[in-house]
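Below you'll find the structure, written out as structure tokens, and then a few comments.
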Amino acid sequence: MNLSYSKEYEEFRREVRQFLTENWTDADRASAPEADLQTVRGAMGGGVRTDGPATEFRKQAIARGYLYRSIPRQYGGGEQPPDPLKATIIAEEFKRAKAPFEIMGQGPSMLAPTLVEKGTEDQRRRYVERTLLGEITWCQGYSEPGAGSDLASLRTSAVLDGDEWVINGQKIWTSNAHEADMMFALIRTEPDKPKHDGITYFLIDMNTAGIDVRPLRQMTGEEDFNEVFFEDVRVPKGSIVGERGQGWLVSRSTLKHERALIGNASLARRTFDGLVAMAQIIEVDGRRVIDDPVTRDRITAVEADLLAAEYNGFRLLTLGAKNQDAGLAGLVPKLHSTNLVYKVTRLAMDILNDRGLCAPGEPTAPDMGGFSTAYMWYWGMALGGGAPNIQRNIIGERGLGLPRNV
Amino acid sequence: MDFGLTEDQILLKDSLRRFLDAECPTTRTRAVMEGASGHDADLWRGMAELGVTGLTIAPEHGGSGMEALDLALVAEEMGWAAAPGPFLGNALATTALAASDDADAKNRWLPSIAAGDALATLAVGEKIGTWDADQLETRAEGGCLTGAKSLVPYAGVSDVLIVAARDADGPGLWLVERGAAGLTATPVKGNDMTRRLDAVRFERTPAVKIAAGRAAIDRARDVGLVLLAADSYGGANRCLRMTADYAVTREQFGQVIGAFQGVKHQLADMATDLEPSLSLWWYTAHALDHMPDKAERHAALAKAHLNDVYDMVVRYAIELHGGIGFTWEFDLHLWFRRALFNRSFMGTAAYHRKRAADLANW
Numbered sequence: 001m002n003l004s005y006s007k008e009y010e011e012f013r014r015e016v017r018q019f020l021t022e023n024w025t026d027a028d029r030a031s032a033p034e035a036d037l038q039t040v041r042g043a044m045g046g047g048v049r050t051d052g053p054a055t056e057f058r059k060q061a062i063a064r065g066y067l068y069r070s071i072p073r074q075y076g077g078g079e080q081p082p083d084p085l086k087a088t089i090i091a092e093e094f095k096r097a098k099a100p101f102e103i104m105g106q107g108p109s110m111l112a113p114t115l116v117e118k119g120t121e122d123q124r125r126r127y128v129e130r131t132l133l134g135e136i137t138w139c140q141g142y143s144e145p146g147a148g149s150d151l152a153s154l155r156t157s158a159v160l161d162g163d164e165w166v167i168n169g170q171k172i173w174t175s176n177a178h179e180a181d182m183m184f185a186l187i188r189t190e191p192d193k194p195k196h197d198g199i200t201y202f203l204i205d206m207n208t209a210g211i212d213v214r215p216l217r218q219m220t221g222e223e224d225f226n227e228v229f230f231e232d233v234r235v236p237k238g239s240i241v242g243e244r245g246q247g248w249l250v251s252r253s254t255l256k257h258e259r260a261l262i263g264n265a266s267l268a269r270r271t272f273d274g275l276v277a278m279a280q281i282i283e284v285d286g287r288r289v290i291d292d293p294v295t296r297d298r299i300t301a302v303e304a305d306l307l308a309a310e311y312n313g314f315r316l317l318t319l320g321a322k323n324q325d326a327g328l329a330g331l332v333p334k335l336h337s338t339n340l341v342y343k344v345t346r347l348a349m350d351i352l353n354d355r356g357l358c359a360p361g362e363p364t365a366p367d368m369g370g371f372s373t374a375y376m377w378y379w380g381m382a383l384g385g386g387a388p389n390i391q392r393n394i395i396g397e398r399g400l401g402l403p404r405n406v
Numbered sequence: 407m408d409f410g411l412t413e414d415q416i417l418l419k420d421s422l423r424r425f426l427d428a429e430c431p432t433t434r435t436r437a438v439m440e441g442a443s444g445h446d447a448d449l450w451r452g453m454a455e456l457g458v459t460g461l462t463i464a465p466e467h468g469g470s471g472m473e474a475l476d477l478a479l480v481a482e483e484m485g486w487a488a489a490p491g492p493f494l495g496n497a498l499a500t501t502a503l504a505a506s507d508d509a510d511a512k513n514r515w516l517p518s519i520a521a522g523d524a525l526a527t528l529a530v531g532e533k534i535g536t537w538d539a540d541q542l543e544t545r546a547e548g549g550c551l552t553g554a555k556s557l558v559p560y561a562g563v564s565d566v567l568i569v570a571a572r573d574a575d576g577p578g579l580w581l582v583e584r585g586a587a588g589l590t591a592t593p594v595k596g597n598d599m600t601r602r603l604d605a606v607r608f609e610r611t612p613a614v615k616i617a618a619g620r621a622a623i624d625r626a627r628d629v630g631l632v633l634l635a636a637d638s639y640g641g642a643n644r645c646l647r648m649t650a651d652y653a654v655t656r657e658q659f660g661q662v663i664g665a666f667q668g669v670k671h672q673l674a675d676m677a678t679d680l681e682p683s684l685s686l687w688w689y690t691a692h693a694l695d696h697m698p699d700k701a702e703r704h705a706a707l708a709k710a711h712l713n714d715v716y717d718m719v720v721r722y723a724i725e726l727h728g729g730i731g732f733t734w735e736f737d738l739h740l741w742f743r744r745a746l747f748n749r750s751f752m753g754t755a756a757y758h759r760k761r762a763a764d765l766a767n768w
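Line by line, the protein sequences are chains Y and P.
Residue 1 is where the first sequence starts when you use my numbering, and the numbers rise one by one after that.
Residue 407 is where the second sequence starts when you use my numbering, and the numbers rise one by one after that.
Here's what the structure looks like:
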């Protein structure tokens, strides 16, 4: 084990800081409204700057190997050996400088690595770099009204007609479909084959005629996800990733990256840091909430669990770098970190006291009502990418050797 | 950057696992539990031969000079096996003695502890056993100790006691040898029969001061908290695996019970809380030797967190075994008893979370 910020790392931090000072100036910071990272949407990738100066900056940061470190250079990534300490230093320094960071979300975090793994050379060159820079945004078309966790029951179909596929059907819970340029989707191409075998992985231009996007309003009051209807939507024959009928295999690669995206403890950390700061400001009966013994006990209990999640992330990176199977350590983070978001946000609500009555946007609330949205977003995170009980099935069956459900 | 174990550490764990699998099945553990002293000299000798007793002792004193993480890996294996004996108290005393200022005491005792010839223990906690160097009432005066220590591991069979006490200059550590005048050790009937405790009294007992100040006491406390956390992880992991194994063999309603989601999901919840906690005590153990500014607070958080995790895992483990889990004959209560010990020894979860909050300077 070696976690020390040795000279090498101190030097690296200086380099990053120097780079930021030179390349992301006060003028850059002022040149466009800043993303609101205090909101869950901001943390999940919404409202991130992708304007000219931000893109230019990202390109330089990628060239230095600071961003998208797991994506090869030839496809527009930073290509660096995994190093959680360096990654931590980069994240800290970019946050400090309020500089554009990696764009989160399904395109960069899920599709880009999937294409690197399973796409054709042409697909990699066409999509990966522009996705990383936010020039192409993506939504994920997996779930259907009759196929949520049971993706093998997908019914949206594609039929080959000359050089084009003709797609008909419906997707649901499609986050950001109303803003996305492209969709990566699982669609049935071989109606005669048994469940998993007839599915193909598609890349679909959302501007294609016949696609109708209808927003769904979430419990938070926001509209981030949608129903997407396909009526005789024609896409080129080459729009598929992997072989025809092998979409299930390709999607497993994407799901792995999705669990890593949602299994990340960064949202819980950000919310936790926010609640600690808030507890030092809010006073009840003339005493700061942070000085209340019960609150201190609850905060430190959650903090220990949060540290466990973060260090488990270190462990996963190390195992990955050594090409070792992570076993349970790789299977539990999604459930563990979404549980943490729940624990952290409900604690934040208690710290807010009666200010927790205020809805998002209420200017007199210490957090502008943001924590209640974060609280509700717990379910968004817990249900996205496989509901908690689906995660429990995966952990039990793949991690503990239990048989499939009765 | 490497957040993993070295080849040597993996080897250490594997050799200890093999040794305890072979030499310390629960039949032997139960025999030791039912014995008078709770100490099996042959088992201890075997562990000494594996290098456990000298693990963190410096090479010039006959040890192998390893770090707190190595010691914690041993604790994990002891927890996995629910192995009986004086490992914890001996390791704490060794830590305190090694952190002391007394070259003579080190030269006199560390080599024989490393060889497994002498057994040591550490006495800190008093009335309500929080290990706070500022609250010691045991007094040193004129080369003698007077006072009481409530729950000291294996004091009755130890050759040497390292004792936290205070004199006119404040807190410090004193060394008391077996058979010293005025020293009494009375066995306490404990829930965890694999780790014995004694109530110790000193009545003008001759003692040598080996450390001034609280640094060595604090070091031993932080190491102890990590050892308890590691033992908890090892024990909880064993409970999880035993229960998963049971779930694929036990049949009800024409089905192994692991195929029922109610069972599967409970097991998954156990794994979900347990698995990441490994990284918390790994990090903390590493911090003890490499990140001094993080060590104390992390040790407090790790002890408290693993208390809670072990509690949850062992609860579900017994539940999922059904009635057999509630019997004396079935082994699960050995681990439940270890969990009780780890929970209550050296301060509760709430006590350590309070310390962690104070140390954060919020």
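Using N, Cα and C, we set each Cβ at its ideal position, and we do this for glycine too.
For the 7 Å CB-CB criterion, Tyr-560/P and Arg-602/P form a contact. For Leu-417/P, the number of other beta carbons within 10 angstroms of its own is below 16, and it is reported as exposed.
Residue contact with chain P for Val-332/Y: present (Cβ-Cβ distance below 7 Å to some residue of chain P). Distances from the alpha-carbon of Thr-174/Y to those of Arg-73/Y, Asn-339/Y, Asp-224/Y and Asp-51/Y put Asp-224/Y closest. Less than 7 Å divides the Cβ of Ala-99/Y from the Cβ of Trp-24/Y.
The count of Cβ pairs closer than 8 Å, one atom from the stretch 672-690 of chain P and one from the stretch 315-330 of chain Y, reaches three, so the stretches are in contact.
With respect to the 7 Å criterion, Leu-634/P and Lys-709/P are classified as neighbours on the basis of their beta carbons. Nearest to Glu-735/P by alpha-carbon distance, out of Cys-430/P, Phe-409/P and Thr-435/P, is Thr-435/P. With respect to Thr-208/Y, Ala-158/Y sits apart: the two C-beta atoms are not nearer than 7 Å. Under the 10 Å beta carbon count, Arg-214/Y is surrounded by fewer than 16 other beta carbons and is classified as exposed.
Not flagged as an interface residue toward chain P: Met-381/Y, since no C-beta distance is shorter than 7 Å. Closest option to Ser-153/Y, judged by alpha-carbon separation, among Asn-176/Y, Pro-191/Y, Trp-138/Y and Glu-121/Y: Pro-191/Y. Looking at the DSSP output, Lys-615/P sits in a beta bridge with Trp-580/P. In terms of beta-carbon proximity, Ile-395/Y lines the interface with chain P, with at least one pair separated by less than 7 Å.
Between Val-406/Y and Phe-666/P the beta-carbon gap is near 6 Å, inside 8 Å, which marks them as a contact. Put simply, the CB of Gln-80/Y is far from chain P, with every gap to its CB atoms at 7 Å or more. When the five nearest sequence neighbours on each side are left out, the beta carbons in the same chain lying within less than 6 Å of the beta carbon of Ala-499/P are those of Ala-526, Thr-527, Leu-528 and Ile-568, in order along the chain.
In summary, Glu-657/P is exposed, with fewer than 16 beta-carbon neighbours lying within 10 Å of its beta-carbon over all protein chains present. In the structure shown, the three-state DSSP call for Ala-554/P is strand. In terms of CA proximity to Gly-549/P, Ala-613/P leads the group Ala-539/P, Ser-518/P and Ala-613/P. Taking the beta carbon of Thr-754/P as reference, no residue of chain Y falls within 9 Å; the closest one sits roughly 11 Å away.
A distance of 7 Å or more separates the beta carbons of Tyr-311/Y and Ser-443/P.
With at least 16 other beta carbons inside 10 angstroms of its own, Lys-171/Y counts as buried.
Note: Asn-2/Y is bridge-paired with Asp-408/P in the DSSP secondary-structure output. Beyond the five residues adjoining it in sequence on each side, Tyr-378/Y comes within less than 7 Å, by CB distance, of Thr-338, Val-341, Tyr-342 and Thr-345 in the same chain, given in chain order. With respect to chain P, the C-beta atom of Asn-312/Y has a partner C-beta closer than 7 Å. The beta-carbon separation of Leu-765/P and Arg-703/P, rounded to 4 Å, stays under the 8 Å limit for a contact. By the rule that beta-carbons nearer than 7 Å mark a contact, Asp-297/Y touches chain P. DSSP, reduced to helix, strand and coil, places Val-128/Y within a helical segment of the structure shown. For Ile-62/Y, none of the residues of chain P pass the 7 Å Cβ criterion, the least Cβ distance being about 21 Å. Secondary-structure assignment with DSSP links Gly-141/Y through a beta bridge to Ala-185/Y.
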